[in-house]
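In what follows, a structure is listed as C-alpha cells, so that the remarks can point back to it.
Residue numbers (the working numbering): 1 to 413.
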C-alpha cells in the first residue's frame, strides 16, 4: 500500500509567506523570472530558477547554477526566512481560483512506491529534464517544489480536511495573479495517524503534474539507498515532497496547439482534407469546445468548428479516444507531417490559462498558420490511462492553479 507520511518542513515565516511563494520553475522563462524577482530578494525563484542571480545567457545546466540554488536556499535559512518545524507534521494547502477552492494534503510520498508504480504516471519524461531536476535535488539536498498527486476521493479523508480547514490557517494570502493560498499545520498525532492509515488503504496515487520532479526524486533516492551501507529505509531520502488532492476537486484546462505551416497545402486544400474524417462549419467567433470530439480551428483569421465522428470518439482504446490523440492521429501526423510533437519545431503548445486570444495572436502575427483549441482531458481519462499502464500524448493536461514553490521544503537528511 502506498506510503504518505508527515515530515519536518522548512516553511516561510508567516509574514514572509507571500514574498517567498513563487511560481514553479517550469512555467517561467529565465527572462520572465528575472523580471519577477526584481525588488523581491526572498522570492523562491532565487532557488527554483537561480540563474536569475547569474549572468544572462548562462548555461542552465552549468554546475554553478545548481550551486547558486543551494547557496540561496541556505541563505534563506540563515536569515530566518525559512524556519523548520520542530516535529513532523502534515499540512493542508488550499488554493482558490475564480471562486473554486481545492484542498491538498502535504506530506512525503515514497520513492519505492514510485519505482513499484504505486504512484502511476501518464506522461513520458525526457532524460535531459530528469537530469536537470536530479542535479537540483543532489546539490541543494532538498525537494523544494512539491509533486502534484491525486487520488480517488475518500469521505474519511474529506472529513479530516473539513475539520482542519475550520481552524485559522497559518498562511493566508492572495498572490499577484489573484489566486489565494492558505496553509494549515496538522500537528495532532492522532490526526496524522488517521491520514497515514487512510492513504495506506486508498490504493494508488497518480501524478497529476510534476513528472520530471518525481522521476528526479526517485533517481536521487535510489542513488542514496545504494550509497549508504547502513541504509535502514526510514531516512528522509526514501521519500519526496508531494501534495495530494482528491480527484473530484481538480480542474484540468484545455491544452491547445498552434502549427507553423500547412505542410505544403493551401487553406482550401487543408479544409478539404479534413472533411475526410471531420465535419467542418464556420463559426461566428472564437470556439471553446463544449464536448468530446469537438475541436476549434483558427485558420485564415476565421474560426471553425471541427467535429469528429463517433468512430473516433468511441474508440475502445482509452488513449486513442482522447481529443488530443484524435487530433494527433488524424490531423497533425497525416496531414501536417508532425510525427513526434515532442520534438517537432513546427508545433507549439498553449495552455488554456492564456485564453483563445493567444491562439489568434500567434496566427495573426504570421508566426503560426493554424491553431486548434481543444476540449480538456478529464481526470477520469487520466486515471484510466494510467491504470492501463499507457501514456498520454505530450501536453494533454494543463492543471490550474499551479502549486507555489517555497511554502514547504523537504531536506533529504
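Where is the CB? At the ideal position from N, CA and C, for every residue including glycine.
- When secondary structure is reduced to three states using DSSP, residue 109 falls in the strand class.
- One thing to note: residue 111 has its Cβ within 8 Å of the Cβ of residue 238.
- Judged by DSSP in its simplified three-state form, residue 150 adopts strand.
- Collapsing the DSSP output to three states places residue 66 in a helix.
- Runs of the beta strand (DSSP E) lying entirely within the region 199-227 and spanning at least 3 residues, in chain order: 205-209.
- A Cβ-Cβ distance of about 5 Å is found for the pair residue 120 and residue 204, placing them in contact under the 8 Å criterion.
- Pairing residue 147 with residue 82, the inter-Cα distance amounts to about 20 Å.
- Beta-bridge pairing by DSSP links residue 120 to 206.
- Taking a 10 Å sphere around the C-beta of residue 134, we find 16 or more other C-beta atoms and assign the residue as buried.
- As the crow flies, the alpha-carbon of residue 59 is around 11 Å from that of residue 50.
- In the same chain as residue 220, and ignoring 5 residues on each side of it, the C-beta atoms closer than 8 Å to its own belong to 134, 137, 138, 237, 412, in chain order.
- Rounded to whole angstroms, the separation of the alpha carbons of residue 280 and residue 295 is 10 Å.
- Straight-line measurement puts the Cα of residue 289 at about 43 Å from the Cα of residue 62.
- Looking at the DSSP output, residue 240 bridges to 109.
- For the pair of segments examined, the region 268-284 was found to touch the region 297-311: the number of CB pairs separated by less than 8 Å reaches three.
- Burial of residue 395 is indicated by the presence of at least 16 other C-beta atoms within 10 angstroms of its C-beta.
- Minimum Cα-Cα distance from residue 320 among the listed residues 357, 388, 201, 405 corresponds to 388.
- Excluding five sequence positions before and after residue 174, the CB atoms of its chain that fall closer than 7 Å to its own CB belong to 180, given in chain order.
- Comparing C-alpha distances from residue 193 to each of 303, 3, 150, 407 shows the shortest one belongs to 3.
- The beta carbons of residue 399 and residue 250 sit about 7 Å from each other, so the pair counts as a contact at 8 Å.
- For residue 349, the enclosing beta strand (DSSP E) stretches over residues 347-351.
- Taking one beta carbon from each stretch, the region 163-170 and the region 72-89 have fewer than 3 pairs nearer than 8 Å; the two do not touch.
- The Cβ-Cβ distance between residue 323 and residue 292 falls below 8 Å.
- In the DSSP assignment, residue 184 is bridged to 92.
- Judged by DSSP in its simplified three-state form, residue 14 adopts helix.
- The Cβ-Cβ distance between residue 244 and residue 379 does not fall below 8 Å.
- With 16 or more other CB atoms across the displayed protein chains lying within 10 angstroms of its CB, residue 43 is buried.
- Annotation for residue 359: the continuous alpha helix (DSSP H) segment containing it runs 356-364.
- Secondary structure at residue 155: helix, using DSSP grouped into helix, strand and coil.
- Within the DSSP bridge table, the entry for residue 284 names no partner.
- Note that the C-beta distance between residue 108 and residue 5 is below 8 Å.
- With a beta-carbon spacing of about 6 Å, residue 278 and residue 307 fall inside the 8 Å limit used to define contacts.
- Under the three-state reduction of DSSP output, residue 253 falls in the strand class.
- For residue 270, the uninterrupted alpha helix (DSSP H) segment begins and ends at 267-274.
- A Cβ-Cβ contact shorter than 8 Å links residue 252 with residue 376.
- Per the DSSP secondary-structure output, residue 97 pairs in a beta bridge with 100.
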